[in-house]
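Each protein sequence line maps, in turn, to chains A and B. By our numbering, the letter at position 43 of the first sequence is numbered 43, and the numbering carries on one by one without gaps. By our numbering, the letter at position 7 of the second sequence is numbered 7, and the numbering carries on one by one without gaps.
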Amino acid sequence: SQTIHQWPATLVQPVGSPLSLECTVEGTSNPNLYWYRQAAGRGLQLLFYSVGIGQISSEVPQNLSASRPQDRQFILSSKKLLLSDSGFYLCAWSPRVGEQYFGPGTRLTVT
Amino acid sequence: GENVEQHPSTLSVQEGDSAVIKCTYSDSASNYFPWYKQELGKRPQLIIDIRSNVGEKKDQRIAVTLNKTAKHFSLHITETQPEDSAVYFCASTPGGGGNKLTFGTGTQLKVEL
Chain A
1 SQTIHQWPAT
11 LVQPVGSPLS
21 LECTVEGTSN
31 PNLYWYRQAA
41 GRGLQLLFYS
51 VGIGQISSEV
61 PQNLSASRPQ
71 DRQFILSSKK
81 LLLSDSGFYL
91 CAWSPRVGEQ
101 YFGPGTRLTV
111 T
Chain B
1 GENVEQHPST
11 LSVQEGDSAV
21 IKCTYSDSAS
31 NYFPWYKQEL
41 GKRPQLIIDI
51 RSNVGEKKDQ
61 RIAVTLNKTA
71 KHFSLHITET
81 QPEDSAVYFC
91 ASTPGGGGNK
101 LTFGTGTQLK
111 VEL
């Protein structure tokens, strides 16, 4: 069966510091991968998605970037965090068109 | 692009009653419609989905209906229980290719004893 991992689970970072969040998927090959952000009490905002190694599509212009160095690894990064980057970051994977399964998430607080 | 509207934003029901959440979509080529349940502090969980070639799908106390002509779909929960309390999100996959989901804004369901 497939499993999706995210780490860290929680993170507190000062404004202006860098960020690296990692997502890995087990038990599948060539999945579609997605990064979402959810502000407190709000909906799901798609940030990036990837259909293959090195292929990244950005949905919202911001100070975040994503990379997919391996088939089952998806990384979300920032060079300098802003207060507005605080939120619940969710990675998701999809075996085919439509169905998406979410990872446990990383709760980021920028202070 | 696709636009998904979800109503109501909050819903309070008595335990044992039914709950209905409705969503409308704009892209007539949309062909996949999942529903997610998100408990406080947890990840969204896929609870039921329906594809455009089906009008209704049921799984125990949960059912989803799809009206392609009117471009709306609904989640029905019968015999609600306190553990059904959560935020529910609808979503759609627009037609014409692509693997993105467009989500509704969510419904906070509260089941009261």
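C-beta atoms are modelled at their ideal positions from N, C-alpha and C, and glycine is treated no differently.
Run the CB neighbour count on residue i, radius 10 Å, all protein chains shown included, and call it buried at 16 or more, exposed below.
i, result
"Gly87 (chain A)", "buried"
"Lys37 (chain B)", "buried"
"Gly54 (chain A)", "exposed"
"Arg96 (chain A)", "exposed"
"Tyr12 (chain B)", "The residue you asked about is not Tyr; residue 12 (chain B) is Ser in the sequence shown. With fewer than 16 Cβ atoms within 10 Å of its Cβ, Ser12 (chain B) is classed as exposed."
"Thr80 (chain B)", "buried"
"Gln38 (chain A)", "buried"
"Asn53 (chain B)", "exposed"
"Gln70 (chain A)", "exposed"
"Ala9 (chain A)", "exposed"
For the candidate residues the options, whose alpha-carbon lies nearest to that of residue i?
i, options, result
"Gly41 (chain A)", "B:Thr10, B:Leu75 and B:Val111", "B:Thr10"
"Leu113 (chain B)", "B:Glu83, B:Tyr36 and B:Lys68", "B:Glu83"
"Arg61 (chain B)", "B:Ile48, B:Val54 and B:Arg43", "B:Ile48"
"Ser17 (chain A)", "A:Gly52, A:Leu64 and A:Arg37", "A:Leu64"
"Val125 (chain A)", "A:Pro14, A:Gln70 and A:Leu44", "Lying before the first or after the last residue shown, residue 125 (chain A) is absent from chain A, which here runs from 1 to 111."
"His7 (chain B)", "B:Glu15, B:Gly16 and B:Lys22", "B:Lys22"
"Ser28 (chain B)", "B:Thr107, B:Ala91 and B:Lys68", "B:Lys68"
"Tyr101 (chain A)", "A:Asn30, A:Asp85 and A:Cys91", "A:Cys91"
"Leu76 (chain A)", "A:Gln2, A:Glu22 and A:Thr10", "A:Glu22"
"Trp93 (chain A)", "A:Pro31, A:Arg68 and A:His5", "A:Pro31"
Can a CB atom of chain B be found closer than 9 Å to the CB of residue i?
i, result
"Gly43 (chain A)", "yes"
"Leu46 (chain A)", "yes"
"Asn32 (chain A)", "yes"
With DSSP run on the structure shown, which of helix, strand or coil describes residue i?
i, result
"Glu26 (chain A)", "strand"
"Ser9 (chain B)", "coil"
"Asp84 (chain B)", "helix"
"Ser52 (chain B)", "coil"
"Leu83 (chain A)", "helix"
"Gly52 (chain A)", "strand"
"Pro34 (chain B)", "strand"
"Ala29 (chain B)", "coil"
"Asn63 (chain A)", "coil"
"Arg37 (chain A)", "strand"
"Arg107 (chain A)", "strand"
"Ala138 (chain B)", "Look at the range of chain B in this structure, 1 to 113, and you will see that residue 138 (chain B) is not part of it."
"Thr78 (chain B)", "coil"
Quick one: does residue i have its CB under 9 Å from some CB of chain A?
i, result
"Pro34 (chain B)", "yes"
"Lys100 (chain B)", "yes"
"Thr65 (chain B)", "no"
"Thr10 (chain B)", "no"
"Phe73 (chain B)", "no"
"Thr24 (chain B)", "no"
"Asn31 (chain B)", "yes"
May I ask you to list, following chain order, the residues of the segment 82-107 of chain A that have a beta carbon less than 9 Å from some beta carbon of chain B?
Phe88, Leu90, Ala92, Ser94, Arg96, Val97, Gly98, Glu99, Gln100, Tyr101, Phe102, Gly103, Pro104, Gly105 and Arg107
Residues of the segment 33-60 of chain B whose Cβ lies closer than 9 Å to any Cβ of chain A, in chain order:
Phe33, Pro34, Tyr36, Gln38, Gly41, Lys42, Arg43, Pro44, Gln45, Leu46, Asp49 and Arg51
Taking beta-carbon pairs under 9 Å, can you tell me which members of the segment 45-70 of chain A lie near chain B?
Gln45, Leu46, Tyr49, Val51, Ser57 and Glu59
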